[in-house]
Structures are given as C-alpha cells and as structure tokens.
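Undergrad: For the working numbering, add 3 to where a residue sits in the sequence shown, where the first one is 1. The C-beta atom is built at its ideal place from N, Cα and C for all residues, glycine as well.
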Amino acid sequence: KVLQRYFKLPEPSPIWYTADTPVEGYQFDKTAYIKKAGAKLHYGDSDGDILAAKEAGVRGIRVQRSYSSTNPQKLNGGYGEEVLINSAW
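(1) If you compare alpha carbons, which of Asp52, Glu58, Gly60, Asn74 is closest to Gly80?
(2) Buried or exposed: Arg65, going by 16 or more other Cβ atoms within 10 Å of its Cβ?
(3) For Ile37, which of helix, strand or coil comes out of DSSP?
(4) From Glu84 to Arg68, what does the alpha carbon distance come to, in whole angstroms?
(5) Classify Ile37: buried if its beta carbon has 16 or more other beta carbons within 10 angstroms, exposed otherwise.
(6) Could you spell out the range, first to last residue, of the alpha helix (DSSP H) harbouring Arg8?
(7) Give me the DSSP bridge partner(s) of Val26.
(8) What residues in its chain sit with their C-beta under 6 Å from that of Arg62, if we drop five residues either side in the sequence?
(9) Would Ala40 and Tyr70 be called neighbours here (beta carbons separated by less than 8 Å)?
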C-alpha cells in the first residue's frame, strides 16, 4: 500500500517471493517472475535483483540497504543500474 500510494499506482503491484532457485532456462531466481509479470522495471537491494532485471531485459533500480544491515551490499551502481538516493534511510 505504501508504494501504491507513493507512486500513485491504480492497483497494488505484485510482490514475488522466490525460493532462491532459478526457473529452468534462467540464471537468476527472479527473472522468470519479472518476465511473467510483464514488468518494465524491477527494483531491489541485492546484486541478484539487479542481475535478474538485466537478464529479463528490464530497467533495474537499486534500493540501498539500511546502514545497520548485517548483510552488506557489494555494488551500489556497479552494474550500471540507477541507485535510489537516500533509500538506505
């Protein structure tokens, strides 16, 4: 609901939870779901999220993890993706 309100979306966007197991034919676990949803962009906080977007041929946007995260990020913008500024707050 927060994203729907913030981005003024008429309908809630689908949220896919995957089992970290790629669907056959894809290298990354989220790629098949990105394609199935017909997404034009995919956002996420992990390198895998950005690489799945690239594999699906859509725009990947990096959301930074909280500075207090116990799972540090490797590359913010390192794959040529846009990085949502101040998203770690």
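TA: Considering the structure as presented:
(1) The sequence position of residue 80 within the sequence shown is 77, counting from 1. Among Asp52, Glu58, Gly60, Asn74, the Cα nearest to that of Gly80 belongs to Asp52.
(2) For the purposes of this step, residue 65 is taken as the residue at position 62 of the sequence shown. If you draw a 10 Å sphere on the C-beta of Arg65, you find 16 or more other C-beta atoms in it, and that means buried.
(3) As a working mapping, residue 37 is identified with position 34 in the sequence shown. Helix at Ile37.
(4) Along the sequence shown, read from residue 1 onward, the residue named residue 84 stands at position 81. Along the sequence shown, read from residue 1 onward, the residue named residue 68 stands at position 65. If you take the alpha carbons of Glu84 and Arg68, they lie about 15 Å apart.
(5) If you number the sequence shown from 1, residue 37 lands on position 34. Ile37 should be labelled buried.
(6) Taking the sequence shown and counting its residues from 1, the one referred to as residue 8 is at position 5. Taken as a continuous stretch (DSSP letters only), the alpha helix (DSSP H) holding Arg8 covers 5 to 9.
(7) Residue mapping note: residue 26 aligns to position 23 of the sequence shown, counting from 1. Residue pairing for Val26: DSSP places it in no beta bridge.
(8) Translated into the one-based positions of the sequence shown, residue 62 becomes position 59. The beta carbon of Arg62 sits closer than 6 Å to those of Leu44, all from its chain and outside the five residues before and after it, given in chain order.
(9) Taking the first residue of the sequence shown as 1, we reach residue 40 at position 37. Taking the first residue of the sequence shown as 1, we reach residue 70 at position 67. Judged by their CB atoms, Ala40 and Tyr70 are not nearer to each other than the 8 Å cut-off.
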